[in-house]
Amino acid sequence: MLAGNQLTALPMAMAKCHALELLRISANQFQALPEWLFNLPNLTWLAYAGNPLCNGIEQRRIAQHQVQEIDWQSLTLQQVLGQGASGVTYQAIWHKRQGEHESVAV
1436 MLAGNQLTAL
1446 PMAMAKCHAL
1456 ELLRISANQF
1466 QALPEWLFNL
1476 PNLTWLAYAG
1486 NPLCNGIEQR
1496 RIAQHQVQEI
1506 DWQSLTLQQV
1516 LGQGASGVTY
1526 QAIWHKRQGE
1536 HESVAV
């Protein structure tokens, strides 16, 4: 957990953390979030409240990354991917439309 450490940036090496599922960077000094953060394939939880970026242009930019609402009935849970203080993350199959599905983390 990196919350509350007066951080202003994340190391570029973290862009290679493809298995990262949860990141808590709240209560730091981030003016912006790196674009690569939104491309991490397994990142399912990002806590960033309490940073200067929450007050302005960057907040609107983050809002442009639409989060799609998914009906729980359309998910089939599979194996556990990980467990932590925030709960359990599962591999799941999202049945989007007839014949169309996608592997997701829940």
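Plus 1435 on top of the position in the sequence shown (first one is 1) and you've got the working numbering. Quick reminder that beta carbons are idealized off the backbone N, C-alpha and C, glycines included. Note that the structure is a prediction, hence the values are computed from the model and not measured.
Between the CA atoms of residue j and residue i - distance to the nearest angstrom
{"i": "Gln1441", "j": "Trp1480", "result": "20 angstroms"}
{"i": "Tyr1525", "j": "Pro1487", "result": "32 angstroms"}
{"i": "Trp1529", "j": "Val1502", "result": "15 angstroms"}
{"i": "Glu1535", "j": "Phe1465", "result": "39 angstroms"}
{"i": "Leu1472", "j": "Ala1450", "result": "7 angstroms"}
{"i": "Ala1467", "j": "Glu1504", "result": "25 angstroms"}
{"i": "Ser1509", "j": "Val1523", "result": "19 angstroms"}
{"i": "Asn1463", "j": "Pro1469", "result": "14 angstroms"}
{"i": "Gln1533", "j": "Cys1489", "result": "39 angstroms"}
{"i": "Leu1512", "j": "Lys1531", "result": "14 angstroms"}
{"i": "Trp1507", "j": "Gly1439", "result": "34 angstroms"}
{"i": "Pro1446", "j": "Arg1495", "result": "24 angstroms"}
Whole-Å CB distance - residue i paired with residue j, under 8 angstroms assumed
{"i": "Cys1452", "j": "Leu1437", "result": "Going by Cβ atoms, the distance from Cys1452 to Leu1437 rounds to 12 angstroms, so no, they are not a contact pair."}
{"i": "Ser1461", "j": "Gly1485", "result": "5 angstroms"}
{"i": "Ala1444", "j": "Arg1459", "result": "At roughly 16 angstroms, the Cβ-Cβ gap does not stay under 8 angstroms, so Ala1444 and Arg1459 are not in contact."}
Cβ neighbours of residue i in the same chain (closer than 8 angstroms, five flanking residues each side left out)
{"i": "Asn1477", "result": "His1453, Ala1454, Leu1455, Glu1456, Leu1516, Ala1540"}
{"i": "Glu1537", "result": "Ile1528, Trp1529, Lys1531"}
{"i": "Gln1514", "result": "Tyr1525, Gln1526"}
{"i": "Ala1448", "result": "none"}
{"i": "His1500", "result": "Phe1473"}
Residue-chain proximity (residue i, chain B), Cβ-Cβ < 7 angstroms
{"i": "Val1523", "result": "Judged by its chain identifiers, the structure shown contains no chain B, having just a single protein chain."}
Contacts around residue i, its chain only, beta-carbon distance under 7 angstroms, and the 5 residues preceding and following it disregarded
{"i": "Asn1519", "result": "Residue identity check: residue 1519 is Gly in the sequence provided, not Asn. Once the five neighbours on either side are set aside, the close Cβ partners of Gly1519 are Leu1457."}
{"i": "Ser1521", "result": "Leu1457, Trp1480"}
{"i": "Ile1498", "result": "Checking the displayed sequence, the identity of residue 1498 turns out to be Ala instead of Ile. Taken in chain order, the list of residues that qualify is empty."}
Counting only runs that start and end within the stretch 1437 to 1498, where is the beta strand (DSSP E) found for 3 or more residues in a row?
-> 1457 to 1459, 1480 to 1482
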